[in-house]
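J.: Residue numbers for the sequence shown follow my numbering, so the first one is 300 and each next one is one higher.
Just so it is clear, CB atoms sit at the ideal spot from N, CA and C, and this is done for glycine as well.
Bear in mind that the values here come from a model prediction, so they are computed numbers and not experimental data.
For reference, the structure I am asking about is given below.
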Amino acid sequence: MKKLLALFLSAVTVFAVTACGKGSSSESGNSESGGATTNRSVKITMSYYEGGNGSDWLKAVVNDYMTNVDKDVEIILKKSSSNETAKSNIVSEVGLSDIYQIETDMFGNGEYLEDLTALYDTKAYGEDKSLKDKLSASVLEYYDEDGKYYQVPQTQMTGWNWVYNKTLLDETFGAGNYTLPRTTDEFLAFGDSLYNKGVFLTAGALADTQGGEYLHYAMRNWFAQSLGLEGYEKYFSGYALVNGEWKFCEEEPTMITANRASLESVYGLAEKLFSKASGNSVQYLHNTSESFAYKDVDKVFYRGTFKRQDLTPFAFHFVGSWLENEVKPFKEDKTIKEQEVYAMKMPVLSSITARATSIENDEKLRSVVDYVDGVTSEKPSGVTDGDIEIVREARNMVVENICRSFVIPRKANNKEKCKEFLAYLFSERAQKIAAKNAGGNVMLPYGYKPTDEDMGFTISPYVKSVYAVADNAVIVDAGNYDKKFTTVVGMKWYHDKKTANKSIAVDIFSGVYTPASEIYDSTYGNYKTNWSNYIEKFKKA
């Protein structure tokens, strides 16, 4: 079992494939030189996918490498239109670049990729440490494909967090007159209070086609909280806990029956969170969400207009560390207002008390959250140490798509020079340059943590709040690309027979979905019908 229990510094649907980053251009479109070059003997083309943090960080490290490290090399940057296009080029071996920064599943493609196993033992530029020295054991295990490595990880491991607009909350309730929600029941109650004051709890990019609809990842986090990280990893590996023992579900999808309560409670939470108001009910999701792309959500979160119209504000945005870089153009053209925004830890699923049985109600659960957060120093009475640890793990979960990496096609040109450039990227020097050109965000996650002194500027309170959340993070892998069982079976945590399962938020908000009272039968029935075929395919894979 592969557990990603620690931060190493941030689903085989199109959402999982594209959500690590967003951007547009052409794989074979305009080329960009990384710096001023003339008559260099070695030319390397590098395809990259521009996500929310932009590409300034990449251009900066390429420029430093060409100017100060290897003056014989010219690195030509090429922006990719999509990760799927880049992957298609690699496996078809047509229109290849020499290096790819790619943000999708590259497992199982070793026949098309250069073996980078020896590179893991190569010393970083100017240092005594190798890449293997800089990555945790769990990350090394994750990328290990039968003893070989074909990818160099680039995922930041900061994931998605609930981000709150403090300026708006202070205006709505008065500074110091509210407590940020610690449990999901408290989160919904907070939404009730906001709705009564003319503010939505959250919003989603339900019209987005570039992987920018993130709310379904919040539900992944809560599903993992309900099962615990070990149970979550086992679920997506085809195992169920039977009589205290983990057993592979060869005869039928026992992992679904064993986790029925979790499936129904988490889906029920989604139903409440994403449904439209009916009668006197409260609506938590912004009423314009159906029309929002991801940048629209960002803009309205910062109190900007949508199609030149002022909209009802919303207080919580499920987003990542890239938010400030993504809204930077809006700040520069003054189409959004200055707002204080901060990341916060994930509210703990209130139904976790079904697993943490010594916690009898949500009030006691909130007191346990305060204890594990260090707000209070005395352990709540009657709560076992085991249940404290269940809540501690859940409170620190951060969901991430572990899919961003560097790869070299097996038919690339100048492969040894490409590897030398990647070894440079492992260095603290390159990590500092990258972070400095991404607003203090870690873009090369090989152990370096940005400081104000190194950056030459004060890292924003928002970025610092993201890293405060991520410091003790328990990483929940949303992609599960390393799990052959998930990729072969197409294993999801729920199956809605009434929809194409594009996004749980999109489906529920549309009103065409399977209700929580029927979701277990829909999920179990779908997998039970095809289970023997799935298992046969898995065994042959």
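Near Thr403, which residues of its chain fall below 6 Å by C-beta distance, leaving aside the five closest residues on each side in sequence?
T.: The answer, listed in chain order, is Val316, Asn382, Lys386 and Cys702.
J.: According to DSSP, is Arg703 part of a helix, a strand, or is it coil?
T.: If DSSP states are grouped into helix, strand and coil, Arg703 belongs with the strands.
J.: Using 8 Å as the threshold, is the segment 687-696 in touch with the segment 657-677, meaning 3 or more CB pairs across them?
T.: Contact holds: three or more Cβ-Cβ distances are below 8 Å.
J.: Are the segment 354-361 and the segment 701-716 touching by the rule of at least three beta carbon pairs closer than 8 Å?
T.: Segments in contact, no.
J.: Tell whether a beta-carbon distance below 8 Å holds between Ala711 and Glu413.
T.: Cβ distance < 8 Å, so Ala711 and Glu413 count as in contact.
J.: If you measure between the beta carbons of Phe720 and Val788, is that distance less than 8 Å?
T.: It is not a contact, given that the beta carbons lie outside the stated cut-off.
J.: Mind checking Lys748: buried by the 16 CB within 10 Å criterion, or exposed?
T.: Exposed: under 16 other Cβ atoms inside 10 Å.
J.: Here's a check: name, in chain order, each residue in its chain whose Cβ is nearer than 6 Å to the Cβ of Tyr399, leaving out the five neighbours to either side.
T.: For Tyr399, where only same-chain residues beyond five positions count, the Cβ hits under 6 Å are Ser346, Ala385 and Val706.
J.: When you compare the CB positions of Asn471 and Leu584, do they come within less than 8 Å of one another, or not?
T.: According to the sequence displayed, residue 471 carries Thr and not Asn. Contact: no.
J.: Ends of the beta strand (DSSP E) at His794?
T.: No beta strand (DSSP E) holds His794; DSSP gives it neither H nor E.
J.: Give the secondary structure of Ile651 by DSSP, where H, G and I count as helix, E and B as strand, and everything else as coil.
T.: Here Ile651 sits in helix by DSSP.
J.: Give the secondary structure of Glu326 by DSSP, where H, G and I count as helix, E and B as strand, and everything else as coil.
T.: Only weak support exists for where Glu326 lies, its pLDDT of 42 falling under 50; the value from the coordinates is given anyway. Three-state DSSP puts Glu326 in coil, outside helix and strand.
J.: Report yes or no: do the segment 632-650 and the segment 600-615 share at least 3 C-beta pairs separated by less than 8 Å?
T.: Counting Cβ pairs under 8 Å, three or more are found: they touch.
J.: Assuming Asp491 and Val581 make a contact with CB atoms under 8 Å, what is their CB distance in whole Å?
T.: That pair is a contact at about 5 Å.
J.: Output the boundary residues of the alpha helix (DSSP H) element that contains Ala767.
T.: Unbroken alpha helix (DSSP H) run through Ala767: Pro760 to Ala769.
J.: Would a C-beta distance cut-off of 8 Å place Val596 and Gly503 closer than the cut-off?
T.: Yes; because the gap between Cβ atoms is below 8 Å, this pair is in contact.
J.: With 16 as the cutoff for other CB atoms within 10 Å, does Glu692 come out buried or exposed?
T.: Classification for Glu692: buried.
J.: Can you find the residues in the same chain that come closer than 7 Å, C-beta to C-beta, to Gly738, ignoring five residues on each side of it along the sequence?
T.: The residues are Glu623, Asn624, Ser759 and Val762.
J.: Could you compute how far the alpha carbon of Glu326 sits from the alpha carbon of Val390?
T.: Caution is warranted here: a pLDDT of 42 is assigned to Glu326, below 50, making its placement in the model unreliable, and no coordinate value can be reported.
J.: Tyr448 lies in the beta strand (DSSP E); which residues open and close that run?
T.: No beta strand (DSSP E) holds Tyr448; DSSP gives it neither H nor E.
J.: Out of Lys465, Thr482, Thr483 and Arg481, which has the shortest C-alpha to C-alpha gap to Gly475?
T.: The option with the nearest alpha carbon to Gly475 is Lys465.
J.: In this structure, how does DSSP classify Glu727 when only helix, strand and coil are distinguished?
T.: The answer is helix: DSSP assigns Glu727 an H, G or I state.
J.: Quick one: grab the DSSP three-state call for Glu392.
T.: In this structure, Glu392 counts as coil in the three-state DSSP scheme.
J.: Over the uninterrupted beta strand (DSSP E) stretch that includes Ile374, give me the two end residues.
T.: Here the beta strand (DSSP E) through Ile374 covers Val372 to Lys378.
J.: Tell me which same chain residues have a C-beta within less than 8 Å of the C-beta of Ile343, skipping the five on either side of it?
T.: These residues qualify, in order along the chain: Val372, Glu373, Ile374, Ile375, Asp397, Ile398, Asn712, Asn713, Lys716, Cys717 and Phe720.
J.: My output table needs one value for Thr556: the three-state DSSP class, helix, strand or coil.
T.: The answer is helix: DSSP assigns Thr556 an H, G or I state.
J.: Taking the straight line between their C-alpha atoms, what separation do you get for Gly322 and Lys797?
T.: Note that Gly322 scores a pLDDT of 42, beneath 50, so its modelled location is shaky and nothing firm can be said.
J.: Evaluate the contact criterion for the segment 805-812 versus the segment 539-553: three or more CB pairs, one atom per stretch, below 8 Å.
T.: Not touching, per the Cβ criterion.
J.: Given a threshold of 16 other Cβ atoms within 10 Å of its Cβ, counted over all protein chains shown, does Phe613 qualify as buried or as exposed?
T.: It is buried - the Cβ of Phe613 has at least 16 other Cβ atoms within 10 Å.
J.: Would you identify the three-state DSSP class for Phe775, choosing helix, strand or coil?
T.: It is worth fixing the name first, because residue 775 is Val in this sequence and not Phe. Val775: strand per DSSP, three-state reduction.
J.: When DSSP labels each residue in this structure, what does Trp545 get in the three-state scheme?
T.: Correct three-state label for Trp545: strand.
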